[in-house]
Amino acid sequence: MIRTFAELDLDPILLEAIEEMGFSRPTEIQAQAIPQALDARDILASAPTGTGKTASFAIPAIQYLLDFPRKKAGPARILILTPTRELAMQVAEQATALAKYTRLKVATITGGVTYDSHASTLAETQDIVVATPGRLMEYIEAERFDCRAIEWLVLDEADRMLDLGFGPTVDRLSAECRWRKQTLLFSATLEGRGVEGFTADLLKEPAELEAQPSTRERKKITQWYHRADDAAHKLNLLKHILTEQAQRTIVFVKTRERLGELRQQLDSAQIPCSWIQGEMPQDRRNNAISRFRDGSVNVLLATDVAARGIDLPDVSHVINYDLPRSADIYLHRIGRTARAGKKGIAISIVEAHDQPMMDRVGRYTKETIKERFIDGMRPTHKKPVFKKKKAEKRRQEKSGEEKERREKEIIAPE
Ligand code: ADP
Ligand code: MG
Numbered sequence: 001m002i003r004t005f006a007e008l009d010l011d012p013i014l015l016e017a018i019e020e021m022g023f024s025r026p027t028e029i030q031a032q033a034i035p036q037a038l039d040a041r042d043i044l045a046s047a048p049t050g051t052g053k054t055a056s057f058a059i060p061a062i063q064y065l066l067d068f069p070r071k072k073a074g075p076a077r078i079l080i081l082t083p084t085r086e087l088a089m090q091v092a093e094q095a096t097a098l099a100k101y102t103r104l105k106v107a108t109i110t111g112g113v114t115y116d117s118h119a120s121t122l123a124e125t126q127d128i129v130v131a132t133p134g135r136l137m138e139y140i141e142a143e144r145f146d147c148r149a150i151e152w153l154v155l156d157e158a159d160r161m162l163d164l165g166f167g168p169t170v171d172r173l174s175a176e177c178r179w180r181k182q183t184l185l186f187s188a189t190l191e192g193r194g195v196e197g198f199t200a201d202l203l204k205e206p207a208e209l210e211a212q213p214s215t216r217e218r219k220k221i222t223q224w225y226h227r228a229d230d231a232a233h234k235l236n237l238l239k240h241i242l243t244e245q246a247q248r249t250i251v252f253v254k255t256r257e258r259l260g261e262l263r264q265q266l267d268s269a270q271i272p273c274s275w276i277q278g279e280m281p282q283d284r285r286n287n288a289i290s291r292f293r294d295g296s297v298n299v300l301l302a303t304d305v306a307a308r309g310i311d312l313p314d315v316s317h318v319i320n321y322d323l324p325r326s327a328d329i330y331l332h333r334i335g336r337t338a339r340a341g342k343k344g345i346a347i348s349i350v351e352a353h354d355q356p357m358m359d360r361v362g363r364y365t366k367e368t369i370k371e372r373f374i375d376g377m378r379p380t381h382k383k384p385v386f387k388k389k390k391a392e393k394r395r396q397e398k399s400g401e402e403k404e405r406r407e408k409e410i411i412a413p414e
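Heads up, the sequence shown is in UniProt numbering, so the first residue is 1 and it goes up one at a time.
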């Protein structure tokens, strides 16, 4: 396994851009995927959010275009599909930065943009196009976009694309790009919702890659929890953390209803925040995210559904105001902080009934997550102790298979 970017046979102008972006060494998934992609293999890769999947396909794609330069002007050669507009913009931004010292052109085609502003994109020569499936399909149907020159098809956040119902559109786009040479699929997870069936038709003997970030990568998140006596105490703890400790924070809640409630409570407390939830019009989502991105607000409330796949820069704190349904989601959530070599803090606020889940998270992550106290806000009740039910324990001991599956499931943050 390679340990540095220099070991990859990359063009010096690409290496220089990588260095300028502050990437000192490849992440796990990059170390696995880049050599395979450069070796002309199809790729089926899964790695948790925040582990650098974008560069895992953008770097080899750019190298490929440098290795096989185009001979004459023409349509795009690399097509990257992403589930949402904001992801498309983020991917394009990163690809543009990586291609900084090349003459390659990167464009986006997404919904929420008028046809006029795409007209020149569609007319001019492009090398890499980052698109959302729906809008791209419209242009293909109107014969305004030509897929025949596509050599690489990249599907980013494939799980989320399926969740959003893009499966059939992606299949059609894949058929449109049938002359392509390589297909690369990246996803946070390959389990559930038919990702596997979906990939079977798209990929040819893919290299199957799965990355679990190294211990070095995951040590940077400091985790602790506070116990709360009741809902009011919980809110006070949150307000204290937001005003006294946290800088740029994502607060996770479990449902839209809970989000609405908390929004009003923070509003009354005059703590500015923006918020994203599932099933929100795209423009309002983008708006909320840009307010957080540009620092107009430092608190973003989110549900798990809404937050999937979004790379939010510089998050100092992740707060689990509601604990997630599973330890796996916990890891996804806290992976939002401590990105790109920065340190991060993850704080959970735990009511008595949440204690079993908090304990499970500790076992699952194999880390001791300690309780902390805030002066004047100590919980009055004792920490509840839940013993494992005997029957459950026996079942778990019996099923070694279950244990193995669980071990495989362990995904580290970042
Ligand atoms: P993913 O798609 O896996 O969720 P991204 O590609 O969005 O992750 O990358 C997450 C963050 O990590 C981005 O801010 C990116 O700039 C940064 N990053 C990517 N690769 C590296 C690297 N090798 N070293 C340091 N930071 C990196
Ligand atoms: Mg990504």
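C-beta: ideal position from N, C-alpha, C; glycine also.
Because the structure is a prediction, the values reported are computed rather than measured.
Item, Value
"Below 8 Å on the Cβ atoms is my contact criterion, and I expect ALA95 with ALA58 to pass it. Report the Cβ-Cβ distance as a whole number of Å.", "5 Å"
"Under a three-way DSSP split, which group does ARG405 fall into?", "Bear in mind that the predicted position of ARG405 carries a pLDDT of just 46, short of 50, making it unreliable; the figure below should be weighed with that in mind. Looking at ARG405 - three-state DSSP - the assignment turns out to be helix."
"Can you determine whether any heavy atom of the ligand MG sits closer than 6 Å to the C-beta of THR54, and answer yes or no?", "yes"
"Need the endpoints of the alpha helix (DSSP H) that residue 427 sits in, please.", "In the structure displayed, the chain extends from 1 to 414; residue 427 sits before or after that span and is not available."
"What first and last residue would you give for the beta strand (DSSP E) that runs through THR183?", "182-187"
"So is the beta-carbon of GLY344 under 6 Å away from any non-hydrogen atom of the ligand ADP?", "no"
"How close, in whole Å, do the beta carbons of ARG77 and LEU65 come, if the pair is a contact with beta carbons under 8 Å?", "7 Å"
"Put ASP9 into one of helix, strand or coil per three-state DSSP.", "coil"
"Considering only C-alpha positions, which residue in the set ILE349, ALA327 and LEU136 is nearest to residue 479?", "Because the chain is modelled from 1 through 414, residue 479 falls outside the range shown and cannot be assessed."
"Can you list, in chain order, the stretches of the alpha helix (DSSP H) that have 4 or more residues and sit fully within the UniProt domain \"Helicase C-terminal\" (236-385)?", "256-268, 282-293, 304-307, 327-334 and 355-365"
"So what's SER46 in DSSP terms, helix, strand or just coil?", "strand"
"From GLU407 to GLU141, what distance separates their C-alpha atoms?", "Since pLDDT at GLU407 reaches only 40, below the 50 mark, its modelled position is unreliable, and the value read off the structure follows with that caveat. Each residue's Cα considered, the two are about 46 Å apart."
"Just to check my reading of the structure: GLN63 and LEU104 have Cβ atoms closer than 8 Å, yes? What is that Cβ distance to the nearest angstrom?", "In fact, because the Cβ distance is near 11 Å, the residues do not count as touching under 8 Å."
"Which one of PRO379, THR337 and LYS71 has the shortest CA to CA distance from ILE221?", "THR337"
"With DSSP as the reference, label VAL106 as helix, strand or coil.", "strand"
"Just checking PHE198 against the ligand ADP - is the residue's beta carbon closer than 6 Å to any of the ligand's heavy atoms?", "no"
"Tell me whether PHE252, by its Cβ, gets closer than 6 Å to a heavy atom of the ligand ADP.", "no"
"If you count every other CB in all the chains shown that lies within 10 Å of the CB of TRP179, and 16 or more means buried, which is it?", "exposed"
"When DSSP labels each residue in this structure, what does ALA412 get in the three-state scheme?", "Bear in mind that the predicted position of ALA412 carries a pLDDT of just 33, short of 50, making it unreliable; the figure below should be weighed with that in mind. It is coil, neither helix nor strand."
"Hey, ILE349 and HIS226 are a contact pair by Cβ (cut 8 Å); roughly how many whole angstroms apart?", "5 Å"
"Pick out the complete alpha helix (DSSP H) segments inside the segment 91-160, 4 residues or longer, and give them in chain order.", "115-123 and 133-141"
"Going by the beta-carbon positions, is the gap between ILE329 and ILE347 smaller than 7 Å?", "no"
"Taking C-alpha atoms, which residue in PRO272, GLY197 and SER187 lies nearest to LEU209?", "SER187"
"I need the boundaries of the beta strand (DSSP E) containing GLN212, first residue and last residue.", "Here GLN212 belongs to no beta strand (DSSP E), and DSSP marks it neither H nor E."
"Can you check DSSP and say which residues form a bridge with TYR64?", "For TYR64, which the question treats as bridged, DSSP gives no partner whatsoever."
"Specify, as a first and last residue, the run of the beta strand (DSSP E) that ARG227 falls within.", "221-227"
"Inspect the beta-carbon positions of ILE250 and LEU331 and report whether they are closer than 7 Å.", "no"
"Considering only DSSP beta bridges, list what ILE59 is partnered with.", "According to DSSP, ILE59 bridges with nothing at all."
"Does the Cβ of TYR321 have 16 or more other Cβ atoms within 10 Å, making it buried, or fewer, making it exposed?", "buried"
"Determine contact between the segment 290-306 and the segment 261-275, defined as no fewer than three beta-carbon pairs at a distance below 8 Å.", "yes"
"Hey, could you find the ends of the alpha helix (DSSP H) ILE29 is sitting in?", "28-38"
"What do you reckon, are the CB atoms on ALA45 and ALA33 nearer than 7 Å?", "yes"
"Would you mind stating whether THR54 and VAL106 have Cβ atoms separated by less than 7 Å?", "no"
"Among all the DSSP beta bridges, which residues are the ones paired with LEU79?", "VAL129 and LEU153"
"Please list, in chain order, all residues of the same chain as residue 422 whose beta carbon is under 7 Å from its beta carbon, the five residues on each side excluded.", "Here the chain has residues from 1 to 414 only, and residue 422 is not among them."
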